[in-house]
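Shown next, in structure tokens, is the structure this report addresses.
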Amino acid sequence: MNYSDKVMDHFINPRNVGELENPDGVGQVGNVNCGDIMRMTIKVVDNRITDINFKTFGCGAAIAVSSMVTEMVKGKTLEEAVLINRDDVAVALGGLPDKKLHCSNLGTDALKAAVNDFWRRTGQPQKVVKLEDEHLEQESEEASACCGSNERGCGQPSNGNPA
Numbered sequence: 001m002n003y004s005d006k007v008m009d010h011f012i013n014p015r016n017v018g019e020l021e022n023p024d025g026v027g028q029v030g031n032v033n034c035g036d037i038m039r040m041t042i043k044v045v046d047n048r049i050t051d052i053n054f055k056t057f058g059c060g061a062a063i064a065v066s067s068m069v070t071e072m073v074k075g076k077t078l079e080e081a082v083l084i085n086r087d088d089v090a091v092a093l094g095g096l097p098d099k100k101l102h103c104s105n106l107g108t109d110a111l112k113a114a115v116n117d118f119w120r121r122t123g124q125p126q127k128v129v130k131l132e133d134e135h136l137e138q139e140s141e142e143a144s145a146c147c148g149s150n151e152r153g154c155g156q157p158s159n160g161n162p163a
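The numbering of the sequence shown is UniProt numbering, which starts it at 1 and goes up by one.
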């Protein structure tokens, strides 16, 4: 699989890795059955993302996507940040192989989930936005919440036995 130089750079040298202390918003998406799980924590001051970190369990593309998303949104207003979509991330990375495009969904959805968490915490539920992949809103780790990829056992029955 061929990756752009930018994807490789963000994979080998990821930016903003870790978890912020006392975050203003936390978003986690993905599913252990798929192998890709992204968690983003944000700090918000005057409606702007002043800091953002991520922790990702997944493939190199998932790590690169997480890193790129954090760079794309730092300093943006919350409303600007949630407008960033999977295509924006893929373009910023110089493209992603078709088999890895679902990773860009996870990245933007982890961000949106963190912003949604902030809005809920601060009494602004009317601002909550939908995630790009509907299934990611589920908190369940059942196979039905899977990203749809056939990688890393996705789609296996919830008892863990191969289909």
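For every residue, glycine included, the Cβ atom is placed at its ideal position computed from N, Cα and C.
These figures come from a predicted structure and were not determined experimentally.
| Check | Outcome |
| --- | --- |
| Between which two residues does the alpha helix (DSSP H) holding Thr-70 run? | 60-73 |
| Out of curiosity, what's the CA-to-CA distance linking Thr-56 and Arg-39? | 6 Å |
| Are the CB atoms of Met-68 and Lys-6 within a distance shorter than 9 Å? | yes |
| With C-beta atoms as the reference, is Leu-131 less than 9 Å away from Asp-109? | yes |
| Going by C-alpha to C-alpha distance, which of Asp-24, Val-29 and Ala-61 sits closest to Thr-50? | Asp-24 |
| With a threshold of 6 Å on Cβ separation, who are the neighbours of Gln-28 within its own chain once the five nearest residues in sequence on each side are excluded? | Arg-39 |
| Let me check understanding here. Comparing Cα to Cα, which of Gly-75, Ala-113, Lys-112 and Asn-85 lies closest to Leu-101? | Asn-85 |
| Roughly how many angstroms separate the alpha carbons of Asp-36 and Leu-78, rounded to a whole number? | 25 Å |
| Who are Arg-121's beta bridge partners in DSSP? | Looking at the DSSP assignment, Arg-121 forms no beta bridge with any residue, so it has no partner. |
| Given a cut-off of 9 Å, decide if Gly-95 and Ser-4 are closer than it, judged by their beta-carbon atoms. | yes |
| Three-state secondary structure (DSSP) at Val-45? | strand |
| Go through its chain and collect everything with a Cβ distance to His-10's Cβ below 6 Å, but skip five positions before and after it. | Ala-64, Ser-67 and Met-68 |
| Tell me the residue span of the alpha helix (DSSP H) that contains Met-8. | 5-12 |
| Can you give the Cα-Cα distance for Gly-30 and Phe-54, rounded to whole angstroms? | 13 Å |
| For Lys-76, collect the residues of the same chain with a Cβ closer than 7 Å to its Cβ; drop the 5 residues on either side in sequence, then sort them by chain order. | Arg-48 and Ile-49 |
| Exposed or buried, which one is Thr-122 when buried takes at least 16 other CB atoms within 10 Å? | exposed |
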